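Engineer:
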Amino acid sequence: MKGEAVSMANSSDPYPEAEAERCLTRRCLEILSKASCKLQIITKGTTVTRDIDLLSKTCSMVSITITTIDEALAKLTEPYSPSPAERLRAVETLISKGISASVRIDPIIPFVNDDSQALVKTLAEIGVKHVISSTYKIRHDNWQRFSAALPKTAERLRPLYFEKGEKLGSYVVLPKELRLKLMKAVRDAVTSFGMRFGTCREGLSYLNTATCDGSWLMQTSAKQ
């Protein structure tokens with residue numbers, strides 16, 4: 077395992093609420109940093125700042141999901157996550173301590189957060205180097221939750237997904253021309269501020285200006 081690149085975690089957040097008390101992720105990071113592993117952390121949480129001391133010991137980067145700077149909207153769409161302001165502060169703290177950070181504007185949802193210009197500008201101002209984005213992909217469970225939280229928006233989205241959309245694996249996605257339009261808008265905003273852009277799982281890799289997941293940042297992080 078020594079020197080391997082390790083991503084935590086692509087399918088579940090490595091910083092659930094219980095982590096603050098149990099410190100299981102921190103123990104994993106202790107082992108991985110001792111083995112000089114390259115570390116990629118993907119989270120919606122802010123507890124990651126607690127582990128800056130460990131992340132500073134090896135090549136590392138942190139990717140934090142921030143889908144909007146609208147606090148009221150965030151309470152509807154991500155009721156159990158830290159507020160956008162708290163997550164922005166976490167990103168700023170990481171960068172100030174020499175930890176490379178990217179931000180995931182993911183997912184982009186038509187009629188909800190498809191104008192990300194203000195968020196992108198804020199990210200550029202605090203020193204973010206890479207932005208990752210992709211569109212909302214429907215599964216039965218997340219569609220039920222979304223419809224309950226934003227029923228009127230769900231009705232506007234229904235024909236885009238269930239009449240004009242495409243099946244992609246176990247997901248229903250927007251038609252490709254609309255996905256391209258949405259991702260190109262984010263890419264253009266990101267690159268206009270001198271940041272790099274990546275989109276994953278969209279079939280639009282030609283829009284990317286760096287590896288889609290931001291893992292290139294592990295090579296540029298400070299090592300102590």
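Count along the sequence shown from 1, then add 76; that gives the number in the numbering used here. Heads up, the beta-carbon is just placed ideally off N, CA and C, and yes, glycines get one too. Computed from a prediction, not measured in an experiment: that's the story for all the values here.
I'd like the list of long-range same chain contacts for residue 291, defined as Cβ closer than 6 Å, with 5 residues on each side in sequence excluded.
Structural biologist: Here residue 291 is taken as the residue at index 215 of the sequence shown, counted from 1. Excluding residues within five positions, the ones whose Cβ falls inside 6 Å are 116.
Engineer: Assign residue 273 to one of two classes, buried (16 or more other C-beta atoms within 10 Å of its C-beta) or exposed (fewer than that).
Structural biologist: Numbered from its first residue, the sequence shown carries residue 273 at position 197. By the 10 Å Cβ count, residue 273 comes out buried.
Engineer: On a Cα-Cα basis, can you pick out the residue from 239, 264, 270 that is closest to residue 283?
Structural biologist: Within the sequence shown, numbered from 1, the residue matching residue 283 stands at position 207. Answer by Cα proximity: 264.
Engineer: Assuming the contact rule is C-beta atoms closer than 8 Å, residue 271 and residue 204 should be a hit. Round their C-beta distance to whole Å, please.
Structural biologist: Here residue 271 is taken as the residue at index 195 of the sequence shown, counted from 1. Here residue 204 is taken as the residue at index 128 of the sequence shown, counted from 1. Going by Cβ atoms, the distance from residue 271 to residue 204 rounds to 6 Å, so yes, they are a contact pair.
Engineer: Given this structure, state the Cα-to-Cα distance separating residue 190 from residue 144, to the nearest angstrom.
Structural biologist: Numbered from 1 along the sequence shown, position 114 holds the residue referred to as residue 190. Numbered from 1 along the sequence shown, position 68 holds the residue referred to as residue 144. One C-alpha to the other measures close to 9 Å.
Engineer: Could you spell out the range, first to last residue, of the alpha helix (DSSP H) harbouring residue 193?
Structural biologist: To locate residue 193, count along the sequence shown from 1; it is residue 117. Here the alpha helix (DSSP H) through residue 193 covers 193 to 201.
Engineer: Quick check: what's the CA-CA separation for residue 198 versus residue 287?
Structural biologist: Numbered from its first residue, the sequence shown carries residue 198 at position 122. Numbered from its first residue, the sequence shown carries residue 287 at position 211. Going by the C-alpha atoms only, they are around 22 Å apart.
Engineer: State the CB to CB distance for the pair residue 242 and residue 251, rounded to an integer number of angstroms; the pair is presumed to be in contact (CB under 8 Å).
Structural biologist: On the sequence shown, residue 242 is found 166 positions in, with the first residue counted as 1. On the sequence shown, residue 251 is found 175 positions in, with the first residue counted as 1. The pair is a contact, with the Cβ atoms about 6 Å apart (cut-off 8 Å).
Engineer: Considering only the alpha carbon of each residue, which of 209, 138, 123 lies closest to residue 260?
Structural biologist: Taking the first residue of the sequence shown as position 1, residue 260 is located at position 184. It is 209 whose Cα lies nearest to the Cα of residue 260.
Engineer: Could you tell me whether the Cβ atoms of residue 206 and residue 293 are closer together than 9 Å?
Structural biologist: For the purposes of this step, residue 206 is taken as residue 130 along the sequence shown, with counting starting at 1. For the purposes of this step, residue 293 is taken as residue 217 along the sequence shown, with counting starting at 1. Yes, the Cβ-Cβ distance between residue 206 and residue 293 is below 9 Å.
Engineer: Can you give the Cα-Cα distance for residue 226 and residue 212, rounded to whole angstroms?
Structural biologist: On the sequence shown, position 150 is the one that residue 226 refers to. On the sequence shown, position 136 is the one that residue 212 refers to. Looking at the two C-alpha atoms, the distance is approximately 14 Å.
Engineer: Can you tell me whether DSSP reads residue 141 as helix, strand or coil?
Structural biologist: Residue numbering aside, residue 141 sits at position 65 when the sequence shown is read from its first letter. DSSP places residue 141 in strand when its eight states are reduced to three.
Engineer: Would residue 90 be called buried (16 or more neighbouring beta carbons within 10 Å of its own) or exposed?
Structural biologist: Against the sequence shown, residue 90 aligns to sequence position 14. Counting Cβ neighbours within 10 Å, residue 90 comes out buried, since at least 16 surround it.
Engineer: Leaving aside the five residues before and after residue 169 along the sequence, list all residues of the same chain whose C-beta is less than 8 Å from its C-beta, in chain order.
Structural biologist: Locating residue 169 in the sequence shown gives position 93, where the first residue counts as 1. Correct list, in chain order: 125, 128.
Engineer: If you compare alpha carbons, which of 104, 112, 92 is closest to residue 79?
Structural biologist: Here residue 79 refers to the residue found at position 3 of the sequence shown. The residue with the shortest Cα to Cα distance from residue 79 is 112.
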